Amino acid sequence: MEGGNGEELAVGCVLSLRTTLGDEIEGQIIAYDRPSNILVIQEGSSKAGPRRNIRLLKANYIQDFTYLRKAEDPIDPNKCYIDLAGLQAREEASLRQAEIEAERIGVGVTSEAQSIFDALSKTLPVHWDKTVIVVMNEVRVSSPYLPENVIGGTPAANDRVKKVLDFERKRLQVRGPG
Amino acid sequence: MQRMNLQQGRPFANGYSSRRVDTVVGTRTESKTQVRKSASPNFVSTNGTRVGRPTSPSRDRLIYVLTCLVGHHVEVHVKNGSIISGIFHATNADGDFEIVLKMAQVIKDGSVRERKSDHDSIKKPQPMVIPARELVQVLAKDVSLSDEFTPGQSCEKRKDLMIDSVISHSHHLETERELAPWMPGEDDPECPELENIFDGTFDRKWDQFETNEALFGVKSTFNEELYTTKLERGPQMRDLEKIALKIAREIEGEETQDLHLAEERGFSYHDDFNLDEESRYSAVRREVNGSGLRENENSDMEAYGSGIIAGSLGLATSGSCSDSLSKKNGNEAQASCNETQASSTSSSVVEEACLYTLADKGLGLSSVDVSSELKSDCIARSSSLEDEIRLDDNQIKDQGGKSERMAIQDSQTSDDVNTSIKSEEVSISAPLYDPSSSGQGNIITESSDSPVRGKLPAASESVDPPIRQGSSTSSSEYAHAESNRPFLSPSTSCGSLSSEKSTLNPNAKEFKLNPNAKSFTPSSSVRLHAAIPDGSFYQASNVNAVQHMHGLPMGVGVGPSFSHQPVFYNPQAAQIQSPQAYINPNGPVYGQQMIVGQHPQFYYVQSYPPVLALQFSNHRRIKYDLIIT
């Protein structure tokens, strides 16, 4: 709440901030809305290209800031157009993608189980059934996901899953015991 | 005032976002309990502030930025230190900007002491609302603000569904990348086969089917003989192999006019080198010399009075070869040549073209050899297939040696020439002029019909047609051949001979009816050449009596043949009689099976009168008119 509160922070200025949560930010001001006290900063001013990291920060969490320099307005007010249809499409796509990814995550399973699932999914089609990993729609691997827990499917498929499971477990152990 | 295109209604319209607030499922962490509590006040305040909505430029900017974030993956930091990650869905723009996220999850839980245990479970993502008072900051990565308007941008990354236009029309500057050659990384270990699998020597012991069966238990039903000629493996295998290799070498060593062939064989095309890639490697067929020769040929034909050829080679298809044998003049020759060409197969067409060219040029062909060669060429041509000729050529090669190479398909010519020398002696006996007959059929027919026709002077009855010459050249031709040596045997004669083996005769002359014309028999295939007893020819001829009625008034021509064979035009029946495969100049070349497989169904046609019989066999695509007198 100290520092920048109450000041009219000019658009285009490059600041270096520190928040009360310990984050250090450096960026260019895009906007500052006084009523809501939100400061919009565009990070990475040195980075080229249209894509930047945007940060909306509640100004009352700024611990202190340093005014670095003045630069020009990053957005041209006359050219601000929003493609709503595109936005909605993007949102839908993101949601779809997120749902797909969410399905890969087991609910109520341990992180170890999740990493096993992830490892298996690299080479085999797998999906969750509660806390059971179902491979190729026929082989089921239940907790604690050891080779003994591999049940079902044709003998060939079963063996294959066992082998892969074994292999992945070993790899996980080697990678990071912990 | 900034211009913001928000007419369509902001996705974060008040009512909408408020509704979201109400429907928020709820949060798990303690910090989120405040969310629900604060829902109603927000609602109220939203309404309350709606009237007095500030319209400052800075607020507009903020709203703009937030709008750009919709659909973006963001991280929201809240007061208690937790971090929530989700897809930005809406905000309360008229209020205090609380954040609505979809598919949100708490990544870092600040409120609960960190306890790491194996039984930590991962929560399912769900919509979340973060009230303004909890909000500390919102982080969004890789947001592009000013380029939102670009159409391509909006369809940027849809990883799951991409339509072609999106993929191909990536407007946003995928400029030329600096291409670097691929180097295998560390984790590309098992690609030994990448190392030039063809560099290794051919492993004759490798049997893919064996391996497949061993590895995967797959039993193969592959039978090589289904796809290629059955090799007779026996004591003669070696010799045959040697001969075959020899022929192959010769073929490959030939000079050729064809660009592609030349390149394959390693010859640098002796013409101009101003050929661009397209001419060199395109598969489009351009005008070949042969077609261009047509015009020349006729005019030059007269020059060669040899006449000969009495259309013998008369390829049935062309049917133009109706000149009587007596007409041993340029015209006839021409006609025969025409016919020949008309009926010959494409290969022979080319050959003929060469011949004609040679003839036309008349140049360089001054040498006796050449002329004789030409003639022999003609004769040689009659064989239906090049390789047949070649085989013959090989045999004769030593005899004739290579004539002076002509620019045009010399090899073929000379080979043929050589062959023809021998063939001259052979086939000429055939009565020759057989408008209907074509290709080998002619030869066969003619040979057999020589007694019938007798048009030509006795001449060579030496029917020993290893080469089925359109014997049509008949004795007259032969005689002429002798006499004509000094001057170019009319390309016609050659042509006619050559045409024997091709189905099309670009130089076909106008067909004139020859009442005594022998019927056409489709020429034989390669196998014919292999080892065919003369008798077979004669046999065939009988049946083929009625074969080719190309444009002939059948009644007359067919007359004699009717006597000894029911008149039904059925090449297949004819084929049945002889073991060889006949090549119908008009029709497709049937494989061995056609011959071997008897077609009994055709036989019972025999009883039918000629008219009907002919009607039945129309599948042959040979057009003919049957006139029964």
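Top to bottom, those sequences are chains A and B.
Following the working numbering, the numbering of the first sequence begins with 289 at its first residue and continues without gaps.
Following the working numbering, the numbering of the second sequence begins with 626 at its first residue and continues without gaps.
Don't be surprised by glycine CBs; every beta carbon is placed ideally from N, CA and C.
All of these numbers come straight from a predicted model, not from anything done at the bench.
Does the distance from the C-beta atom of ARG339 (chain A) to that of ASP767 (chain B) stay below 9 Å?
-> yes
Quick one: grab the DSSP three-state call for ILE329 (chain A).
-> strand
CYS301 (chain A) in three-state terms, based on DSSP | strand
Would you please verify whether the beta carbon of MET582 (chain B) is less than 9 Å from any beta carbon of chain A?
-> The requested residue 582 (chain B) is not part of the displayed model; chain B covers only 626 to 1254.
Contacts around GLY300 (chain A), its chain only, beta-carbon distance under 8 Å, and the 5 residues preceding and following it disregarded | GLN316, ILE317, LYS358, ALA359, GLU360, ASP361, PRO362
Same chain, Cβ closer than 8 Å to SER845 (chain B), five either side skipped, listed in chain order = PHE834, ASN837, GLU838
Close Cβ partners of GLY332 (chain A) (< 8 Å) along its chain, the five nearest in sequence each way excluded | GLY315, ARG340, ASN341
Between the Cα of LYS418 (chain A) and the Cα atoms of A:LYS410, A:VAL395, A:GLY310, A:SER431, which residue gives the shortest distance?
-> A:VAL395
Using 10 angstroms around the beta-carbon of VAL909 (chain B), count the other beta-carbons present and answer buried if the total reaches 16, otherwise exposed.
-> exposed
Taking just the CA atoms, how far does GLU391 (chain A) sit from VAL725 (chain B)?
-> 22 Å
Could you give the distance in angstroms between the alpha-carbon of ARG428 (chain A) and the alpha-carbon of GLN376 (chain A)?
-> 39 Å
Who are GLY315 (chain A)'s beta bridge partners in DSSP?
-> A:LEU303, A:GLU331
Identify whether ALA1133 (chain B) lies in helix, strand or coil by the three-state DSSP scheme.
-> coil
Environment of LEU305 (chain A) [buried if 16+ CB atoms lie within 10 Å] = buried
With distances taken from CA atoms, which of A:VAL449, A:TYR349, A:TYR320 is nearest ASP311 (chain A)?
-> A:TYR349
Quick one: list the residues of chain B neighbouring LEU412 (chain A), beta-carbon separation under 9 Å, in chain order.
-> Chain B residues near LEU412 (chain A): none, gap ~19 Å exceeds 9 Å.
For the region 346–400 of chain A, list the alpha helix (DSSP H) runs that are entirely contained and at least 4 residues long, ordered along the chain.
-> 372–391
Smallest Cα separation from ASN366 (chain A): which of B:GLU875, B:LEU770, B:PHE713?
-> B:LEU770
Quick one: does the C-beta of ILE329 (chain A) sit closer than 8 Å to a heavy atom of the ligand ATP?
-> With respect to the ligand ATP, the structure offers nothing, as it holds no ligand at all.
Residues in the region 383–413 of chain A having any Cβ partner in chain B nearer than 8 Å = LEU383, ARG384, GLN385, ALA386, GLU387, ILE388, ALA390, ILE393, GLY394, VAL395, GLY396, VAL397, THR398, SER399, GLU400, GLN402
Quick one: is ALA873 (chain B) near chain A, going by C-beta distance under 9 Å?
-> no
Within the 9 Å Cβ cut-off, does PHE637 (chain B) reach chain A?
-> With a pLDDT of 40 at PHE637 (chain B), under the threshold of 50, the modelled position of this residue cannot be trusted, and the question is left open.
Compute the beta-carbon to beta-carbon distance between ILE709 (chain B) and ALA729 (chain B), rounded to the nearest angstrom, for a pair I have assumed lies under 8 Å.
-> 5 Å
List the endpoints of the continuous beta strand (DSSP E) containing PHE713 (chain B).
-> 708–716
In chain A, which residues lie with their C-beta within 8 Å of the C-beta of LEU804 (chain B)?
-> The contacting residues do not exist; LEU804 (chain B) stays about 21 Å from chain A at best.
For a contact meaning CB atoms closer than 7 Å, what does PHE722 (chain B) contact in chain A?
-> SER324, ILE326
Cβ-based burial, VAL449 (chain A) [other Cβ within 10 Å; buried from 16] | buried
Flag ARG457 (chain A) as yes if its beta-carbon sits less than 9 Å from any beta-carbon of chain B, otherwise no.
-> no
Coarse secondary structure for SER790 (chain B), derived from DSSP in three states | helix
Which of helix, strand or coil DSSP assigns to GLU700 (chain B) | strand
Same chain, Cβ closer than 6 Å to GLU877 (chain B), five either side skipped, listed in chain order = ARG890
Backbone secondary structure at ASN705 (chain B) - three-state DSSP | coil
Flag LEU764 (chain B) as yes if its beta-carbon sits less than 9 Å from any beta-carbon of chain A, otherwise no.
-> yes
LYS867 (chain B) - DSSP class collapsed to helix/strand/coil | helix
MET808 (chain B): buried (16+ other C-beta within 10 angstroms of its C-beta) or exposed?
-> exposed
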